[in-house]
Each structure stands twice: as structure tokens, then as C-alpha cells.
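Working notes, structure below.
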Ligand code: NAD
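In our numbering, the protein residues as written are 188 to 516.
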């Protein structure tokens, strides 16, 4: 099978080339451009394309892929909200993803963001570098015996519940389905209950119509004053303008974002020489209690190996017709 790999970074190529040794039927060509309707035609002569969370796999992209003979979209990520699934279905293009490649990688980053924003580690790091050893502006609060509210308790949310439990926190959760594996230490509550009781709120549900902007000014108003909000899931779960209003209302002790609404043009790019006009990101970063990282939750050695192995196994199973649970379409 010939796979065209879009938006290649050196670490992608390294992990996939390592994994290829056990998948002799797979041939990969690595290219730098990302997949969208402008670049889809490059896939002429390939059986499959490999895309990522920031690829634009909309109906026009899929139409071109179909014309060029592509039969499979291999997503090297868990989420698939960037793919027009109905269009793929109509065109007979199968879509596969890599669910749960390393839930702990993302959950550990979520806790890192929670701790960094609580104890202002980014500020402390800079202060000490400037020989400023004072503690002003660095006061946080103990997580021990506080309440963690986890929204979405699938693979990553459950891992976050376990981490918070390990910190000695009371863990409450909201999900449309309850996860039996964590029920001995997690109390499921309504969303409103979670919002009003939690000292730390961490988002781990997928982006869908029903979850878009679930954190908005109404839900923010229901939160405790001095709450910490962490989002490592998808940017559009949070309505950014409302978040900024909430920060200005002094609602949050800290906000940690690995994902945010306008991240698409930023993700994994070095834009340090650019002047970012109309940037919500810069507005967010102007607040002393906000830390933003650039979609790096997944970025551990273990996760990259698992992503490469599972993606190539997905392609192998597609080729042989073997049963595989990673089909999205
Ligand atoms: P998962 O499918 O295992 O879990 C998602 C959970 O959300 C499920 O339990 C589901 O029932 C729940 N859910 C669905 N609708 C809900 C709603 N309306 N309210 C509350 N809960 C709801 O997924 P996962 O592997 O745990 O991943 C969660 C999300 O994390 C992904 O959708 C993806 O967007 C994000 N993610 C981010 C990174 C990163 O690098 N930052 C990496 C991987 C995944």
C-alpha cells in the first residue's frame, strides 16, 4: 500500500520509519504540506493519505482525494472532528483513527497545566532567571483535599481521574456514559453540580455539536470563584471570548490551555517572527494566570510509537479486510 504522509515533522518521520520495519507491505512518502483542498491532488497514485488533527479533510478535499483514487484516510490522532464523515461515506472513502494511543500522555499534560497555572511556574521560571527571588504573584492553593471535576471520562478523562485521585483530591465527573472502571473513587454528578463544586475543572470530551462552546459565559458563571480550568481536548469546547470575559471577572485562579479556538494556523509552526493581527491567543497570554501550550498533550515518546504502530496496523487491516475497531467511516 502506498501512503502519502502530509504535514511531516522530523519526529513523525522518525517514529514511522522505525515502525515500518515490521510492516513490509507499507510504503510511505513523507511531504511537508498539510492536507487540504489545495494539496489533496498530490495524492494521485496513492492508496491512502495520512493526516493529522490540523488537516482540513472537508468535502472538497475528500472529493479530490476520491478523484485521485485514494480509498483510505489514516488519521494519526484520536479526534476526527476535522473530517467531513458524511462526505467520506458518500464517496466510499474509509476513515480510520488512533483512539487512545496513550491516554496518560494527555492526562499528565493536563495535570502539568493545572499545576503550572496554579503555582505560576512560567512566571517563577522567568523571575528567577532575572535574579528576582521574591514570591509575589506566585501564591497557589493545595490540590490535596480539593475537588477535581472531570468532564468526559473516556480513556483520557479516566486517566486524569486516576491522577487527581493520586493527588488526594475528591474526584467528581460528568459524562453521558459512566465509566465502570473508575466508579470506586469517582462520583458522577450533573454538569451544573460539577461546575459549582469543582476547584479544578478539566475537559476531556470530544468536540461535537452538543459539546461546542459548552464552556461559555453561562457555564462560567456557575463555576466557583477561584477555579482552575484546563482544556487539553479541543479548542471549540470553550467559547474564547466568554473565557476572556470570565478571566476579567476574576473567576479563575488559573487557566491552562493545550488547545484553543484559533490554534489551527499556529499548531506546530514557528511564527515567532510574525505579527499576529487580531490574535485571541495574544489576548489570552496577556493575563498572568493563563498558560497556553500548542497541542502538545500527545507528545511523548510512548505516544508517538503507539501512533505509528496503530496507524500502520490500521492500514494493514484495511488491506487484508481484517476486523478493526478503529474505523470512523
Ligand atoms: P474517549 O472517546 O475515550 O472519551 C470521550 C468521553 O467523552 C466519552 O466517555 C464520552 O462518553 C464523553 N462524552 C461524549 N459526549 C459528552 C458530553 N456531551 N458531555 C460529557 N462527556 C461526553 O476519548 P479520549 O481518548 O479520552 O479523548 C478525549 C478527547 O481528547 C478527544 O476527543 C480529543 O479531542 C482530545 N485529545 C487531545 C490530545 C492533545 O494532544 N491535546 C490528544 C488526544 C486526544
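Even glycine gets a Cβ: it sits at the ideal position worked out from N, Cα and C.
Burial state of residue 364 is exposed, judged by a 10 Å Cβ sphere holding fewer than 16 other Cβ atoms. Remark: the shortest separation between the CB of residue 221 and any heavy atom of the ligand NAD does not fall under 7 Å.
In chain order, 407 place their CB closer than 6 Å to the CB of residue 433, counting only its own chain and leaving out the 5 sequence neighbours on each side. Relative to the ligand NAD, even the nearest heavy atom lies 7 Å or more away from the CB of residue 301.
Taking a C-beta distance under 8 Å as the contact criterion, residue 418 and residue 454 do not qualify as a contact pair. Closer than 7 Å to some heavy atom of the ligand NAD: that does not describe the Cβ of residue 481. Counting along the chain, residue 216 sits inside the beta strand (DSSP E) bounded by residues 214-217. Secondary structure note for residue 237: its beta strand (DSSP E) is the uninterrupted segment 235-238. C-alpha of residue 190 to C-alpha of residue 215: approximately 5 Å in a straight line. For the stretch 386-413, the full-length beta strand (DSSP E) segments reaching 3 residues or more read 387-390 along the chain. Look at the beta carbons and you see the stretch 298-305 not touching the stretch 267-281: under three pairs across the two are nearer than 8 Å.
No residue range can be given for residue 512, since it is assigned to no beta strand (DSSP E) and is classified by DSSP as neither H nor E. In the assembly as shown, residue 290 is a buried residue. Its beta-carbon has 16 or more other beta-carbons within 10 Å.
Residue 281 is bridged by DSSP to 259. DSSP places residue 432 in the uninterrupted alpha helix (DSSP H) bounded by 427-435.
Cβ contact annotation for residue 467 (same chain, cutoff 6 Å, sequence separation greater than five): 427 and 449, in chain order. Note that the C-beta distance between residue 248 and residue 219 is not below 8 Å. Annotation: the continuous alpha helix (DSSP H) that includes residue 203 extends over 197-207. Within the same chain, and ignoring the five residues on either side of residue 343 in sequence, the residues whose Cβ sits closer than 6 Å to its Cβ are 290, 293, 294 and 391.
Counting along the chain, no alpha helix (DSSP H) covers residue 189; the unbroken beta strand (DSSP E) around it starts and ends at 189-192. With 16 or more other Cβ atoms from the protein chains shown falling within 10 Å of its own Cβ, residue 501 counts as buried. With contacts defined by Cβ atoms closer than 8 Å, residue 257 and residue 233 form a contacting pair. Rounded to the nearest whole angstrom, the C-alpha separation of residue 356 and residue 438 is 21 Å.
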